[in-house]
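Numbering (this note's numbering), first residue to last: 1167 to 1468. We treat Cβ as the ideally placed atom computed from N, Cα and C, and that holds for glycine. Taking it in order: structure first as structure tokens, then the write-up.
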């Protein structure tokens, strides 16, 4: 093979096919047609003299040769992209840009209120719901459909970078009219009183189970599941249920919703909140500015 005549752009298409597992999804991410992706992969296979993909049920399956090739070229392409991104120019007073950010619901109000700047209305923001599926979150960042994800769950992928924003305590909240609002909740009460929990699951476990500080045999009387901590707090404010939430969110809404904050009777880990993004954006001045904005605003609420 003559390297001087080899089309290195084929590797860019190959990596995107490996990441998406689909010619159609790769074509969408690269803004080209599916036939163009298919042709590029045929050319690459012919140049290398090796079969790279076989057809599965709904997605293509990489061969051992493809997996080995991906391991060798992915990091190099990411490095090239970081270098290219370091040359981008961004002026927060004059540039035009729309940012897409995925965050838990409890951050939306503050970010929608404080992210926009009167100094430049051409910079806009679109906040999206929290992504619970790790594979989807990784794909959205890789394919630039989302610029930044804020979440307590750290996705495991070598193409992503992250930064710990803060850690928060887990507390219990009940309505001020709750029978235990003044006396607190002991271990027996914790296991017998009705509670509302997050419907979110990670690795088939309820979210709270991930934050037990030590193995513990606890029975919980779960009578309701809600989609977010804020939704749980709204339900609790009008019922005799209790729920778990973060201390910062409880402090933000306890007066408005008429809630009492109670310390849990079991040891619980603190909840970490991370910013996560695609590594090549680490050197982008545009993305650095976005991360600084989000970092400063979220830390203001603590």
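Burial state of residue i, where buried means 16 or more other Cβ atoms lie within 10 Å
i: residue 1171; result: exposed
i: residue 1388; result: exposed
i: residue 1453; result: buried
i: residue 1201; result: exposed
i: residue 1192; result: buried
i: residue 1273; result: buried
i: residue 1238; result: exposed
Supposed close pair residue i, residue j - CB separation, criterion 8 Å
i: residue 1256; j: residue 1451; result: 5 Å
i: residue 1362; j: residue 1392; result: 6 Å
i: residue 1267; j: residue 1330; result: Contact flag wrong, Cβ pair sits at about 17 Å.
i: residue 1336; j: residue 1377; result: 6 Å
i: residue 1386; j: residue 1357; result: 7 Å
i: residue 1463; j: residue 1294; result: Contact flag wrong, Cβ pair sits at about 17 Å.
i: residue 1459; j: residue 1281; result: 7 Å
Rounded C-alpha distance that separates residue i from residue j
i: residue 1334; j: residue 1427; result: 14 Å
i: residue 1448; j: residue 1424; result: 43 Å
i: residue 1338; j: residue 1429; result: 6 Å
i: residue 1177; j: residue 1309; result: 16 Å
i: residue 1235; j: residue 1244; result: 14 Å
i: residue 1262; j: residue 1288; result: 5 Å
i: residue 1321; j: residue 1265; result: 20 Å
i: residue 1437; j: residue 1395; result: 13 Å
i: residue 1371; j: residue 1199; result: 40 Å
Residue j beta carbon less than 7 Å from that of residue i
i: residue 1232; j: residue 1218; result: yes
i: residue 1114; j: residue 1240; result: No answer is possible for residue 1114: the residues shown for the chain start at 1167 and end at 1468.
i: residue 1455; j: residue 1258; result: yes
i: residue 1410; j: residue 1366; result: no
i: residue 1252; j: residue 1445; result: no
Closest by C-alpha distance to residue i, when choosing among the options
i: residue 1465; options: 1445, 1446 and 1441; result: 1441
i: residue 1550; options: 1381, 1300 and 1402; result: Nothing can be reported for residue 1550, as the shown portion of the chain is limited to 1167 through 1468.
i: residue 1431; options: 1397, 1359, 1390 and 1260; result: 1359
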